[in-house]
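Numbering (my numbering), first residue to last: 170 to 266.
Beta carbons are placed, not taken as given, at the ideal position from N, Cα and C, and that holds for glycine.
Fair warning: this is a prediction, and the values are worked out from it, not measured in the lab.
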């Protein structure tokens with residue numbers, strides 16, 4: 170989260186099947202929590218996605234709050250940690266909305 174203090178932030182663009190931009194998700198710099206901003210095709214902010222402050226994100230369940238521009242929680246994205254299991258493929262994660 171604080172890696173490079175905001176120098177290497179990511180963005181993801183979503184396109185329709187006709188290759189029209191639908192929107193963009195920007196990673197915003199935050200010292201302690203994951204923070205994403207979802208924008209429409211014109212660049213206007215729609216919602217923010219905020220994660221919890223947890224130093225062991227790779228080894229626990231996570232919840233990300235979807236928050237409107239007026240600060241109202243409108244949803245939750247969750248990530249379920251499958252646990253330690255050397256007998257199974259560990260290249261997958263479980264998400265829900």
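At the level of alpha carbons, what is the spacing between residue i and residue j?
i	j	result
residue 198	residue 245	20 Å
residue 243	residue 218	10 Å
residue 211	residue 184	13 Å
residue 188	residue 176	29 Å
residue 241	residue 231	20 Å
residue 237	residue 203	16 Å
residue 213	residue 235	16 Å
Since residue i is in the beta strand (DSSP E), which residue starts that stretch and which ends it?
i	result
residue 183	180–184
residue 208	204–209
residue 147	No answer is possible for residue 147: it lies beyond the span of the chain, which begins at 170 and ends at 266.
residue 233	231–237
residue 249	242–249
residue 196	190–196
Who are the near neighbours of residue i in its chain, counting only those whose CB is closer than 6 Å to its CB and skipping five residues on each side?
i	result
residue 265	247
residue 263	249
residue 233	218, 220 and 246
residue 179	196
residue 209	192 and 215
Spatial neighbours of residue i within its chain, please: CB distance less than 7 Å, with the 5 preceding and 5 following residues excluded, ordered by chain position.
i	result
residue 207	192, 194, 215, 216 and 218
Using 8 Å as the threshold, is the C-beta distance between residue i and residue j below it?
i	j	result
residue 190	residue 196	no
Return the chain-ordered list of same chain residues with a C-beta closer than 8 Å to the C-beta of residue i, the five sequence neighbours on each side being excluded.
i	result
residue 181	193 and 194
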